[in-house]
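S.K.: Here my numbering = 1-based position in the sequence shown + 611.
Structure incoming, see below.
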Amino acid sequence: MFALRDECSRMAALSQYHDELEQEFGKQIFANADQHRNVENSDSIRLRMEEAELKLQYRKWMAKDTRDEEALYQVFRKLIEVRCELAGSLGYPGYIELGYQIQNRRDLGISEVAEFRRQIQKSVTPVLTEIKAKGIGFCDVPATAANADELMQTITTMYQNLSDETADYIGEMRRKELYDLGTRTNKRGNLFTCCMLPVVKLPFIIGNYTGKGMEAGYAVHEFGHGFAFYTAARKQPLYEFHRSSPAVNEIHSKTMEHFMYPYLDRFVGEHKKDYIRNHHLQQLENLLYRCAIDEFEHLMYDTKLSRVQLCELWADISARYLPWNRIPLKEIHQGTCWPRQTHIVESPFYYIQYDIAQISTYEFYLRMKDNYEQAWSDYMRLCSEGGSKSYPELLKTAHLSDPFTGNTVENICRPVIDELLSIL
Ligand SMILES: [Zn+2]
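Pasting the structure below:
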């Protein structure tokens, strides 16, 4: 289906109606088709197939109960080589440049992303190090809902009260029973996700609720993705515009986690403060971890690193971003601790987008506290635009700062960190 859709947009881009289509639907309509043209030639198709086969092998090795580290490394090594060859065959100086192109980063360069990581490290690492040194970590937060049905009831109440738009959405979701939040034998565990149903323009939400308070937040997050899709699909004529890139889609869902705050007593009762503390700690630690992964991705394609060198590299990066998380020397010398984050293999240079979205999410959160009405109307505007505009244009639509200019990261993270410190 994706291949067919790509083919359609390519034909449209090459057709005699190119200009008329752009006039009707905006410049964004051909942004993706243009991007494909820059990352494909006849050689690349063979190498792409090789890459897909290696990803499959990697997945198989990862799924095994007893892991053969050397075999896993060999697949990883080969994958890096194939990607570098692919970049060379397409005329890119290295795989990083091609990776950026595949991620469709027109306005964003390697140095901007490095500066973004630097600001996060500077703003977050020292504070989290202090908090961890005091032995403060995540704590268990029980939820009030005893089962998935009760959780759905609480989510319904929240969405009904939040706004007319979310009330309509949750009503539709309930009428059509487009969710499955319970845990069952043989159902895949540990997963909260959201699938989009393009024809009915509604999502389907999947979860594995086991009664933990933080899981209620994961479910609200997925319902947030669904709401954004539901909204854009009703405003935007083209399916391509019903969603945006993860750097924007994750703003929709993560911000919904903050619109949940006024309803927290319904979700977690008296544990509201613990929930907020966990939530902030988790988001801040994730910010750092993703930066570490992104930096690793920028260095792993550079040279032919051995297994041990790959581990040394990761230990060094990880020690800078997450210094409380020391990797044992033994693991480094055995060559078993290079990061197993699947995104590195499955979708290079993708992971940092969650961090980019987190900064805008914090900005929305600060706005909510300051001017709730404004925050909601900006949020609705962002959801309504879907993927019909470029990333910088979408930020402007929602009156959001560009996370890549000035001290945006620091200015936005500071008040959130202060709030966390005040509730420790
Ligand atoms: Zn998400």
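Positions of the beta carbon are idealized from the N, C-alpha and C atoms, including for glycine.
Just so it is clear, the structure is predicted and the values come from calculations on it, not from any experiment.
Which word fits L802, buried or exposed, when buried means at least 16 other C-beta atoms lie within 10 angstroms of its C-beta?
M.R.: So L802 counts as exposed.
S.K.: Can you give the Cα-Cα distance for Y673 and Y983, rounded to whole angstroms?
M.R.: Before going on, a small fix: residue 673 reads as Met here, not Tyr. Computed Cα separation, rounded: 45 Å.
S.K.: Within the present structure, is the beta-carbon of E651 separated from the nearest heavy atom of ligand 1 by less than 8 Å?
M.R.: Every heavy atom of ligand 1 is 8 Å or more from the Cβ of E651, so no.
S.K.: Judging by CA-CA distance, which residue of Y669, H836, A968, E681 is the nearest neighbour of Q894?
M.R.: For the residues Y669, H836, A968, E681, the minimum Cα distance to Q894 belongs to A968.
S.K.: Given 8 Å as the limit, tell me if E833 has its C-beta closer than that to any heavy atom belonging to ligand 1.
M.R.: Yes; taking the cut-off as 8 Å, the Cβ of E833 has a heavy atom of ligand 1 nearer than that.
S.K.: For the segment 717-734 and the segment 881-893, state whether three or more C-beta atom pairs, one from each stretch, are separated by less than 8 Å.
M.R.: As far as the Cβ criterion goes, the segment 717-734 does not touch the segment 881-893, which means the pair count is below three.
S.K.: From L977, S988, D981, pick the residue whose C-alpha is nearest to that of R1025; which is it?
M.R.: With distances taken between Cα atoms, R1025 lies closest to L977.
S.K.: Run through DSSP, which three-state label would C806 get?
M.R.: It is a strand residue.
S.K.: Please report the straight-line C-alpha distance between A744 and E692, rounded to a whole angstrom.
M.R.: Rounded to whole angstroms, A744 to E692 spans 41 Å at the Cα level.
S.K.: From this set, R621, V810, Y706, V811, which residue's C-alpha is nearest L910's C-alpha?
M.R.: Of R621, V810, Y706, V811, the residue nearest in Cα terms is Y706.
S.K.: Would you mind sorting Q1036 into buried or exposed? The rule is 16 or more other CB atoms within 10 Å of its CB.
M.R.: Here the chain has residues from 612 to 1035 only, and residue 1036 is not among them.
S.K.: By how many angstroms is the C-alpha of K638 removed from the C-alpha of K1000?
M.R.: When rounded, the distance between both Cα atoms is 8 Å.
S.K.: Please name the residue or residues paired with Y790 in a DSSP beta bridge.
M.R.: I816, per the DSSP bridge assignment.
S.K.: Check whether the Cβ of N801 lies closer than 8 Å to any heavy atom of ligand 1, and answer yes or no.
M.R.: Answer for N801: no, Cβ out of range of ligand 1.
S.K.: Taking just the CA atoms, how far does G818 sit from T794?
M.R.: Computed Cα separation, rounded: 8 Å.
S.K.: Can you check DSSP and say which residues form a bridge with K823?
M.R.: Per DSSP, P753.
S.K.: Return the Cβ separation of P814 and H836 in integer angstroms, given the expectation that the two are a contact with Cβ distance under 8 Å.
M.R.: Indeed, because the Cβ distance is near 7 Å, the residues count as touching under 8 Å.
S.K.: When the Cα of M769 is compared with those of N758, A757, G782, which residue comes out closest?
M.R.: Measuring from the Cα of M769, the nearest candidate turns out to be G782.
S.K.: Could you give the C-beta distance for Y669 and L690, rounded to a whole number, given that I count them as a contact under 8 Å?
M.R.: Contact holds; Cβ gap of about 7 Å.
S.K.: Rounded to a whole number of angstroms, what is the C-alpha to C-alpha distance between T1019 and H954?
M.R.: Approximately 26 Å between the Cα atoms of the pair.
S.K.: Would you check whether ligand 1 has a heavy atom nearer than 8 Å to the C-beta of S864?
M.R.: S864: yes, Cβ under 8 Å from ligand 1.
S.K.: Output the distance between the C-alpha atoms of T866 and R716, rounded to the nearest integer angstrom.
M.R.: Cα to Cα, the separation comes out at about 23 Å.
S.K.: Measuring alpha carbon to alpha carbon, tell me which residue in E635, I1034, A682 is nearest L665.
M.R.: Measuring from the Cα of L665, the nearest candidate turns out to be A682.
S.K.: Let me check understanding here. Comparing Cα to Cα, which of D966, D905, Y780 lies closest to D1013?
M.R.: Residue D966 is the option with its Cα nearest to D1013.
S.K.: How many angstroms separate the CA atom of M660 from the CA atom of F687?
M.R.: Between M660 and F687, the C-alpha separation is close to 15 Å.
S.K.: Using C-beta distances below 6 Å, list every residue in its chain close to I887, excluding the 5 sequence neighbours before and after it, in chain order.
M.R.: Excluding sequence neighbours, I887 sits near nothing in its chain.
S.K.: For C806 and E788, what's the separation of their Cα atoms in angstroms?
M.R.: So the alpha carbons of these two residues sit roughly 14 Å apart.
S.K.: Answer yes if the segment 985-997 comes into contact with the segment 844-862, meaning at least three C-beta pairs across the two stretches below 8 Å, and no otherwise.
M.R.: Judged by Cβ distances under 8 Å, the segment 844-862 makes contact with the segment 985-997, as three or more pairs qualify.
S.K.: Under the rule that 16 or more other beta-carbon atoms within 10 Å means buried, what is I656, buried or exposed?
M.R.: With fewer than 16 other Cβ atoms within 10 Å, it is exposed.
S.K.: Taking the alpha helix (DSSP H) that F878 belongs to, which residues open and close that run?
M.R.: From DSSP, the alpha helix (DSSP H) with F878 extends over 875-879.
S.K.: Going by C-alpha to C-alpha distance, which of L1035, Y711, A986, I640 sits closest to L892?
M.R.: It is L1035 whose Cα lies nearest to the Cα of L892.
S.K.: Return the residue from the list Q685, T842, C695, Y872 that minimises the CA-CA distance to P809.
M.R.: Minimum Cα distance to P809 is reached at T842.
S.K.: Closest to A756 by C-alpha separation, out of G828, D779, N889, would be which residue?
M.R.: Per the Cα distances, G828.
S.K.: For I766 and E826, what's the separation of their Cα atoms in angstroms?
M.R.: Each residue's alpha carbon lies about 12 Å from the other.
S.K.: Is N819 near ligand 1, going by C-beta to nearest heavy atom under 8 Å?
M.R.: Answer for N819: no, Cβ out of range of ligand 1.
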